[in-house]
Amino acid sequence: MTQRHAHTDGPPEGHRDGSTEGHRGGPGASRPSYGSPADAPYDAPDGSPEDLSRVSPDDSLYRDAWRELVATARRTARDGLVVGTSGNVSLRVGDTVLVTPSGVPYDRLGPADAVAVDLAGRQVTGTLKPTSELPLHLAVHREGRSGTEAVVHTHAVHATAVSTLVTELPLVHYTAAALGGPVRVAPYALYGSDELARHTLDALRDRTGCLLRNHGTVTCGATLDQAYDRTAQLEWMCRVWLAARSVPGLEPSLISAGQLREVSEKLAGYGPQG
Ligand SMILES: [Zn+2]
Numbered sequence: 001m002t003q004r005h006a007h008t009d010g011p012p013e014g015h016r017d018g019s020t021e022g023h024r025g026g027p028g029a030s031r032p033s034y035g036s037p038a039d040a041p042y043d044a045p046d047g048s049p050e051d052l053s054r055v056s057p058d059d060s061l062y063r064d065a066w067r068e069l070v071a072t073a074r075r076t077a078r079d080g081l082v083v084g085t086s087g088n089v090s091l092r093v094g095d096t097v098l099v100t101p102s103g104v105p106y107d108r109l110g111p112a113d114a115v116a117v118d119l120a121g122r123q124v125t126g127t128l129k130p131t132s133e134l135p136l137h138l139a140v141h142r143e144g145r146s147g148t149e150a151v152v153h154t155h156a157v158h159a160t161a162v163s164t165l166v167t168e169l170p171l172v173h174y175t176a177a178a179l180g181g182p183v184r185v186a187p188y189a190l191y192g193s194d195e196l197a198r199h200t201l202d203a204l205r206d207r208t209g210c211l212l213r214n215h216g217t218v219t220c221g222a223t224l225d226q227a228y229d230r231t232a233q234l235e236w237m238c239r240v241w242l243a244a245r246s247v248p249g250l251e252p253s254l255i256s257a258g259q260l261r262e263v264s265e266k267l268a269g270y271g272p273q274g
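Here it is as structure tokens:
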């Protein structure tokens, strides 16, 4: 890569060293992460108490969801799927969507940093700015597909590399069935744009994951763990394909659409067993 990717959700340097630079959590910035979740106050958006009524900080479901979301975001960084504050994660809870904030290192996020928007994108909780890829996350959540409560977006290295080479990830491994079929590459569009959100929706049709050209990955799932696992599987498949095609003079063999269908049926529990 000769040029730095333009998209970050904050300072490209990441500030993952524990400094408070780049963190806009105000008084909460110095609080240890999850030191005392039950006691940690939530920041009222614009000082308007009624804004908090839709997602009460006393709601344990909501609190647990935020904790899980932060854990997933941290995992993407720890596992090398994102660098610094790039990438983002969202989880739908009822008519509310919890999202990672823009520009805050994940290891600095605590219970007081929860950010939530409604399906129209209006912020209902938190003072931190939602991720710049909010349109993409909302587009997926608004579709309301069953089994899609969580969305994970990363800039995983091998997946991003593949996104620059093909319009669809070749069927190099049967794991593609777990993503609904051959993984498409959404055409390039500016990060954070509605156009990118539209391209992503198109690429995700009948799929649970896609690549974004010259950008990264998007996967969804019924849970954050499932969405995360699909990202990891997608990155792994891209790595396999890059490794196989890098052998001079040889082309990777691919599985057929019929063979993939056979895998899908088996995964669904009604194909041939054994
Ligand atoms: Zn991105």
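Counting from 1, position 41 in the sequence shown corresponds to residue 41 in full-length UniProt numbering; the numbering is continuous, with no gaps. By construction, the Cβ of each residue, glycine as well, lies at the ideal position given by its N, Cα and C atoms. Every value quoted in this text rests on a predicted model; they were computed, and no experiment measured them.
Please confirm whether residue i and residue j have their CB atoms less than 8 Å apart.
i, j, result
"serine 132", "arginine 213", "no"
"valine 183", "serine 90", "no"
"leucine 109", "valine 82", "no"
"tryptophan 241", "valine 172", "yes"
"leucine 61", "valine 99", "no"
"leucine 136", "threonine 85", "no"
"proline 252", "proline 170", "yes"
"glutamate 235", "histidine 158", "yes"
"alanine 116", "glycine 126", "yes"
"threonine 96", "aspartate 118", "yes"
"glutamate 195", "alanine 203", "no"
"alanine 156", "glycine 216", "yes"
Use the C-beta contact count for residue i: other C-beta atoms within 10 angstroms, 16 or more gives buried, fewer gives exposed.
i, result
"glycine 47", "Residue placement at glycine 47 cannot be trusted, given a pLDDT of 36 that sits under 50; what the coordinates show is reported in the next sentence. By the neighbour-count rule (16 or more Cβ atoms within 10 Å), glycine 47 is not buried but exposed."
"serine 246", "exposed"
"aspartate 206", "exposed"
"arginine 122", "exposed"
"glycine 221", "buried"
"leucine 224", "buried"
"arginine 261", "exposed"
"threonine 219", "buried"
Which residues does DSSP pair with residue i in a beta bridge?
i, result
"serine 90", "Val99, Val151"
"cysteine 220", "Val151"
"arginine 184", "Glu168"
"glycine 209", "Thr219"
"alanine 116", "Leu98, Thr125"
"proline 130", "Pro101"
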